[in-house]
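Chemist:
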Amino acid sequence: MSETMRTNEEKKPPLNGRRALPSNNSNDEENEVPEMEAFGLIPRGFNPKDYLRVVDIHMFKEPHEINKQQHHTDKYYSPKLIVRRGQPFQIQIDFNRPYKPETDQFWLEYLIGRYPQQNKGTYIPILVGDELKPGEWGAKITHKENNSIRLSIMSSATCIVGKFRLYIAVWTPFGILRTHRNSATDTYILFNPWCQQDAVYLDDEKEREEYVLNDVGIVFHGNINEIKFRSWSYGQFEENILDACLFLMNKAELELSGRGNPIKICRVASAVINARDDNGVIAGSWDNTYTYGVAPSAWTGSVDILLEYYSSKQPVQYGQCWVFAGVFNTFLRCLGIPARLVTNYSSAHDNNANLQLDFFLDDEGQLDTKITKDSVWNYHCWNEAWMTRPDLPVGFGGWQVVDGTPQETSDGMYRCGPASVQAIKHGHVCFQFDAPFVYAEVNSDIVYSRRQKNGTQVIEKIDTTHVGQLIVTKEVGGDGMMEITEEYKFPEGSAEERLALETAVMYGVKKQTTQDTTYQPQTDVDMDFQVQKAVLGSDFKVTITFRNKSHNYYTATTYLSGNIVFYTGVPKNEFKKHSFSAKLEPSSSSTFDVLIKSSEYLSDLLDQASFHFFVTARITETGKILAMQKATVLEIPTLQIKTQGEMVAGKETFATVEFTNPLKQTLENVTLRLEGPGVLRTMKKEFRQIPVNSTLVWEVKCTPKRPGLRKLIASLNCDALRHVYGELNVQIQKP
1 MSETMRTNEE KKPPLNGRRA LPSNNSNDEE NEVPEMEAFG LIPRGFNPKD
51 YLRVVDIHMF KEPHEINKQQ HHTDKYYSPK LIVRRGQPFQ IQIDFNRPYK
101 PETDQFWLEY LIGRYPQQNK GTYIPILVGD ELKPGEWGAK ITHKENNSIR
151 LSIMSSATCI VGKFRLYIAV WTPFGILRTH RNSATDTYIL FNPWCQQDAV
201 YLDDEKEREE YVLNDVGIVF HGNINEIKFR SWSYGQFEEN ILDACLFLMN
251 KAELELSGRG NPIKICRVAS AVINARDDNG VIAGSWDNTY TYGVAPSAWT
301 GSVDILLEYY SSKQPVQYGQ CWVFAGVFNT FLRCLGIPAR LVTNYSSAHD
351 NNANLQLDFF LDDEGQLDTK ITKDSVWNYH CWNEAWMTRP DLPVGFGGWQ
401 VVDGTPQETS DGMYRCGPAS VQAIKHGHVC FQFDAPFVYA EVNSDIVYSR
451 RQKNGTQVIE KIDTTHVGQL IVTKEVGGDG MMEITEEYKF PEGSAEERLA
501 LETAVMYGVK KQTTQDTTYQ PQTDVDMDFQ VQKAVLGSDF KVTITFRNKS
551 HNYYTATTYL SGNIVFYTGV PKNEFKKHSF SAKLEPSSSS TFDVLIKSSE
601 YLSDLLDQAS FHFFVTARIT ETGKILAMQK ATVLEIPTLQ IKTQGEMVAG
651 KETFATVEFT NPLKQTLENV TLRLEGPGVL RTMKKEFRQI PVNSTLVWEV
701 KCTPKRPGLR KLIASLNCDA LRHVYGELNV QIQKP
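The sequence shown stops at residue 735 when you use the UniProt record's numbering, and every number in between is there.
(1) Run through DSSP, which three-state label would Met249 get?
(2) Is there at least one non-hydrogen atom of the ligand MG closer than 8 Å to the beta-carbon of Leu728?
(3) In or out: Asp516 buried (at least 16 other Cβ within 10 Å) or exposed?
(4) Since Asn288 is in the alpha helix (DSSP H), which residue starts that stretch and which ends it?
(5) From the DSSP output, read off the bridge partner residues of Thr103.
(6) How far does the alpha helix (DSSP H) with Pro262 in it reach, from first residue to last?
(7) Can you check which of these residues, Ile126, Gln90, His58, is closest to Ser152 by C-alpha distance?
(8) Counting only runs of 3+ residues fully inside the segment 669-721, write out the beta strand (DSSP E) ranges in chain order.
(9) Would you list, in sequence order, the uninterrupted alpha helix (DSSP H) runs of no fewer than 4 residues that lie entirely inside the segment 586-636?
(10) Hey, quick one: how far does the beta strand (DSSP E) through Leu190 stretch, first residue to last?
(11) Since Phe89 is in the beta strand (DSSP E), which residue starts that stretch and which ends it?
(12) For Gly493, is the classification buried or exposed, using 16 other Cβ atoms within 10 angstroms of its Cβ as the cut-off for buried?
(13) From the DSSP output, in three-state form, read off Asn454 for me.
(14) Would you kindly report the start and end of the unbroken beta strand (DSSP E) that includes Tyr554?
(15) With the cut-off set at 9 Å, would you say Ile641 and Leu667 are in Cβ contact?
(16) Inspect the CB distances between the segment 692-711 and the segment 614-626 and report whether three or more fall short of 8 Å.
(17) Output the distance between the C-alpha atoms of Lys453 and Val615, rounded to the nearest integer angstrom.
(18) How far does the alpha helix (DSSP H) with Arg498 in it extend, from its first residue to its last?
(19) Which one of Pro691, Lys120, Ser587, Thr172 has the shortest CA to CA distance from Glu37?
(20) Quick one: Cα of residue 737 to Cα of Lys577, how far?
(21) List the DSSP bridge partners of Phe328.
(22) Any idea what DSSP makes of Glu109, helix, strand or coil?
(23) Entirely within the segment 432-485 and at least 3 residues each: give me those beta strand (DSSP E) ranges in chain order.
(24) Is it buried or exposed for Lys313, if we count other Cβ within 10 angstroms and need 16 for buried?
(25) Give a yes or no on contact between the segment 585-600 and the segment 523-542, applying the rule of three or more CB pairs nearer than 8 Å.
(26) Exposed or buried, Asp358, counting other C-beta atoms within 10 Å across all chains shown (16 or more means buried)?
(27) Please classify Asn729 as buried or exposed, where buried requires at least 16 neighbouring CB atoms within 10 angstroms.
(28) Since Ala631 contacts Phe611 with CB under 8 Å, what's their CB separation in whole angstroms?
(29) Taking contact to mean 3 or more Cβ pairs, one atom from each stretch, closer than 8 Å, check whether the segment 643-661 and the segment 525-532 are in contact.
(30) Count the C-beta pairs between the segment 406-426 and the segment 260-270 that are closer than 8 Å, then say yes if the count reaches three, no if not.
(31) Which word fits Val692, buried or exposed, when buried means at least 16 other C-beta atoms lie within 10 angstroms of its C-beta?
(32) Output the boundary residues of the alpha helix (DSSP H) element that contains Ser183.
(33) So if DSSP puts Cys381 in a beta bridge, which residue, or which two residues, is it bridged to?
(34) So Gly404 packs on Asn274, CB below 8 Å; how close in whole Å?
(35) Check the C-beta distance from Ile282 over to Phe324 and give it rounded, since I have them as a contact under 8 Å.
(36) Between the beta-carbon of Asp362 and the beta-carbon of Asp368, is there less than 9 Å?
See below:
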């Protein structure tokens, strides 16, 4: 018995009375097959060397060889064989003498995890046959020469995704002889979007290149009026990332037999991506203090986070929605599930899933923050994964929403999805998982109500268009933005939209009616306001416009409240309070400017330099109230990245990052990061101070690995300034 087997036997988990074998939810190896399996007493003259013996196995596992080329796995930075399920791959076996099919019998055995069992798909014996059936395990000889044979092996299109161990067994009259345990022949089997029988099959080659093979992407953030974007390095092919992703499934204790099912994998992954309730990958923090970790805005990609978690097994600090979504996207693409990162602008976070966000005003018409619990996030990022949904009626396959950001619990854990986008659009929210929550994120109404002195509640305004106005993702094959709002909802006000809402309500989405409260909107005066675009550190103005459509003279007592907010719409503090009386002439428009000085906001600024303005006006003559809210984001300076001369694969070169401090204060304890998949691993540098108006220059050595178009991504982070990014597309030449 080998040493490894002995130690494994000692480490066996205790059995419980309910099952003969412990549950199999780890891709670690254990319980290997014996090298000699005797059929009974072995006669004295028996010499295994007289029989067919395996001398060597060639896996053709180099990136330029046939398997990785045909299976689109040549980008993985791994010495092992990586193939996709449901598609044939080649190996060569060298025997000690020519193989004679009449008398010699051998077969292959693939094993995964502990306690391999044939009925669980964790022990797979494969006999050599004459032909391969599509999508089923099988092997056939394609070439014989001297002592060698070439085999074409087909894996099942529904098989477990993970790392398999390979043995070759030879039959002799006295017992079965097997090859030694050899980790060099380990084979990773992944999902296959190129295979029609696979649940994740995607029929468009351009989309497969984007959603499976692209290792950088774009995160859209900011808000509906000022859309911003930044690059994110997914890095799904980088060294050890595949093992880290398989480890996440072990961490989530997903039994091996469920690991061929993308629905199950997405569901458990959406829980394990966040640290709530299972010590998952990323700890979220939305309070602007990141003392013990990295500020969410400083990350430039997923690789550092996954590798740190894989080695420390402790949650990595800190993340916010785009970090959860970025890491989730890496996980999905790495395993071969087509995935994209999606941003929903003005995303509702509704605490009681009643399809309305309640904003309460006090008697004066100002927001009552004590009793207003719902919030509108400037934006929220989640993921979509592409798969069939055999568990739902026909027509609900395709893109599914999965969300790793911990917002609400689902079946007792912080997770969300997969929820069919098609089901959300049509209001069929009865179909698992978590469709009502996602439906509310993109469809809620905002209701402004005011409690009068006698206790009755008056609804002052219902805004049906503010939430989920724009849903976007990166376009296929480029860095532009693609709008996908119509995938989630019908046009506002259309008959189909009403029908979808009625369907959602029928299937149990609560919608409060407004019968019990009086609602008579003010119709003869319109109010709107605009926030001037401004660079961080400068003054700007808010312009409020009234349109009096009546023939009456009106006076409007107007309040403007300016808050510094987290991007989740939760206010930190009010930095501006301004009230004035506006005289409104009949049948005319009037505008009023309110100046916001940089000295009023700079000291309290948060991560995303994001403001929320709330304007309410009360018409003295009628007592009616007008209310409106808008978020705005300041322009943040960017980093410049430059390279010297042309970049050639395998040749050392330099990249330079430059930044000029735009603020009226010295920046302290500044961290710079630079990374680029296939060009350089993440580099970090700390700077003690950057004085006002001075420019910092950081030069980094790098050696690009492979030719093609790559991207360098940089971020700068310090307490006074976050979300500073820069990027550069670089063409790496062939040597």
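Heads up, the beta-carbon is just placed ideally off N, CA and C, and yes, glycines get one too. Please read these numbers as outputs of a predicted model, since none were measured by experiment.
Modeler: In brief:
(1) helix
(2) Of ligands this structure carries none, so the ligand MG is not represented either.
(3) Since pLDDT at Asp516 reaches only 46, below the 50 mark, its modelled position is unreliable, and no value is offered.
(4) From DSSP, Asn288 is part of no alpha helix (DSSP H); its letter is neither H nor E.
(5) Paired residues: none, contrary to the question.
(6) 262-272
(7) Gln90
(8) 680-690, 695-702, 708-718
(9) Those alpha helix (DSSP H) runs which fall completely within the segment 586-636 and span 4+ residues are 598-601.
(10) 187-190
(11) 89-95
(12) Of the residues assessed, Gly493 falls on the exposed side of the cut-off, its CB having fewer than 16 other CB atoms within 10 angstroms.
(13) coil
(14) In the DSSP annotation of this structure, the continuous segment of the beta strand (DSSP E) that includes Tyr554 starts and ends at 554-565.
(15) no
(16) no
(17) 22 Å
(18) 495-506
(19) Thr172
(20) Residue 737 is absent from the model: the chain starts at 1 and stops at 735.
(21) Looking at the DSSP assignment, Phe328 forms no beta bridge with any residue, so it has no partner.
(22) Glu109: strand per DSSP, three-state reduction.
(23) 445-451, 457-463, 470-474, 481-483
(24) exposed
(25) yes
(26) Here Asp358 is buried. Its C-beta has 16 or more other C-beta atoms within 10 Å.
(27) exposed
(28) 7 Å
(29) no
(30) yes
(31) exposed
(32) Careful: Ser183 lies outside any alpha helix (DSSP H) and carries neither H nor E.
(33) Thr343
(34) That pair is a contact at about 6 Å.
(35) Their Cβ separation, rounded to whole angstroms, is 6 Å, which keeps Ile282 and Phe324 in contact under 8 Å.
(36) yes
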